[in-house]
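Our numbering applies: residue 176 is where the sequence shown begins, and numbers increase by one.
Built from N, CA and C at the ideal position, the CB exists for glycine as well.
Since we're looking at a predicted model, the values are computed, not measured.
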Amino acid sequence: MDLLTLELPEFRKVASGKVREIFDLGEHLLFVATDRISAFDCILPNAIPHKGAVLTQLSQFWFEQFTFVENHVVTTEFDDFPEPLRKLEQELKGRCMIVRKAQPLPIECVVRGFLIGSGWKDYQSSGAVCGISLPPGLQQADRLPETLFTPATKAATGHDENITWDRCVELVGESVAQQVRELSIRIYEEGRDSAAGCGIIVADTKFEFGLLDGRVILIDECLTPDSSRFWPASEYRPGISPPSFDKQFVRDYLETLDWEKTPPAPLLPESVVRKTSDKYLEAYERLTGHRLPGS
Ligand SMILES: Nc1ncnc2c1ncn2[C@@H]1O[C@H](COP(=O)(O)OP(=O)(O)O)[C@@H](O)[C@H]1O
Ligand SMILES: [Mg+2]
Numbered sequence: 176m177d178l179l180t181l182e183l184p185e186f187r188k189v190a191s192g193k194v195r196e197i198f199d200l201g202e203h204l205l206f207v208a209t210d211r212i213s214a215f216d217c218i219l220p221n222a223i224p225h226k227g228a229v230l231t232q233l234s235q236f237w238f239e240q241f242t243f244v245e246n247h248v249v250t251t252e253f254d255d256f257p258e259p260l261r262k263l264e265q266e267l268k269g270r271c272m273i274v275r276k277a278q279p280l281p282i283e284c285v286v287r288g289f290l291i292g293s294g295w296k297d298y299q300s301s302g303a304v305c306g307i308s309l310p311p312g313l314q315q316a317d318r319l320p321e322t323l324f325t326p327a328t329k330a331a332t333g334h335d336e337n338i339t340w341d342r343c344v345e346l347v348g349e350s351v352a353q354q355v356r357e358l359s360i361r362i363y364e365e366g367r368d369s370a371a372g373c374g375i376i377v378a379d380t381k382f383e384f385g386l387l388d389g390r391v392i393l394i395d396e397c398l399t400p401d402s403s404r405f406w407p408a409s410e411y412r413p414g415i416s417p418p419s420f421d422k423q424f425v426r427d428y429l430e431t432l433d434w435e436k437t438p439p440a441p442l443l444p445e446s447v448v449r450k451t452s453d454k455y456l457e458a459y460e461r462l463t464g465h466r467l468p469g470s
């Protein structure tokens, strides 16, 4: 069943983001990925079938793989959920996790392996990405000589803002900054190498960490099409901006319209919705090696 919004009368909603609805279960949080999709920073009116389940189960796949980092998952087993939730099997099964309440760090841990997006713009004007100098002569979408950690602040509204390493240290302290830098680079590089074997390039990605009893743990989602830039390896070549693995059809369609890219966003045609759903499922299948249960 597609899901766009969710209310649970028994539980307080603590947050509703672009994609997730988060509820307070007492000791833990219920972390629900809906089927909402955003493009150009606007939430679109359509649900993308299976998208929420792909985000949740792909994150879980990676969390299990990266045993060197503690993560926020308590359980993704629907049968272990508390009683009032189990009557909502249709709505919830496959798309939720119960997670530990962490104190989210006030930074987004962005990791870049390829020169694209704001990194490419920065390089063209300054020869550096977020203050990190790079050799001259690199092209758009080139693989970077080394993985870059380029943290940003979480903007309550609008775009996140890149920050320097010194500012990152000011915000979270030297020890935590070092830890999240090392963890972010390691998770990205292991994920990138694993995805490369499945024909997917992970150009860049974003992680969030939180503090729990003084320890740094990985929270939110992990190496999904929403938190990362995935490119089909078959269409990659430096010098152009490669198509997005998952959002390509949505962006291409929206570009044909006379829409100002401000809310309200237009309705997507059924063919675009279906093709986009198929791409999310394909990303899941390629990366995990099996079909999404129930798809
Ligand atoms: N374990 C956790 N404890 C507390 N907050 C969390 C946890 N995991 C994720 N979050 C927060 O939940 C939100 C995720 O919802 P999402 O819809 O992805 O929001 P956004 O639109 O900000 O990306 C983020 O603000 C993130 O910081
Ligand atoms: Mg998010």
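Residue(s) in a DSSP beta bridge with residue i
i, result
"Met272", "Phe206"
"Glu345", "DSSP, once it has assigned bridges, lists no residue as partnering Glu345."
"Phe238", "According to DSSP, which records beta bridges pairwise, Phe238 is partnered with nothing at all."
"Thr328", "Ile282 and Glu336"
"Val189", "Beta-bridge pairing links Val189 to no other residue."
"Cys217", "Ala214"
"Leu323", "Arg287"
Beta-carbon gap between residue i and residue j smaller than 8 Å
i, j, result
"Thr251", "Gln235", "yes"
"Gly269", "Pro468", "yes"
"Thr451", "Asp427", "no"
"Pro310", "Pro320", "yes"
"Leu179", "Thr399", "no"
"Phe253", "Cys397", "no"
"Val391", "Val351", "yes"
"Arg404", "Ile282", "no"
"Ala458", "Ile375", "yes"
"Leu150", "Glu245", "The chain is shown only over 176 to 470; residue 150 falls outside these bounds and no answer can be derived."
"Pro279", "Gly385", "yes"
"Ser293", "Gly302", "no"
"Thr322", "Tyr363", "yes"
"Val425", "Leu442", "no"
"Ala214", "Leu429", "yes"
Assumed close pair residue i, residue j - CB separation to whole angstroms, cut-off 8 Å
i, j, result
"Leu462", "Ala378", "Rounded, the Cβ-Cβ distance is 15 Å, inconsistent with contact."
"Phe198", "Arg187", "7 Å"
The region 192-210 contacting the region 272-285, beta-carbon criterion three pairs below 8 Å: yes
With a threshold of 8 Å, are at least 3 pairs of Cβ atoms found where one atom belongs to the region 352-367 and the other to the region 280-298? yes
Test item, CB below 7 Å from any non-hydrogen atom of ligand 2: Gly192, Lys193, Val194, Arg195, Asp395, Glu396, Asp401 and Ser402
Would the region 206-220 and the region 430-438 be scored as touching if the rule is three or more Cβ pairs under 8 Å? yes
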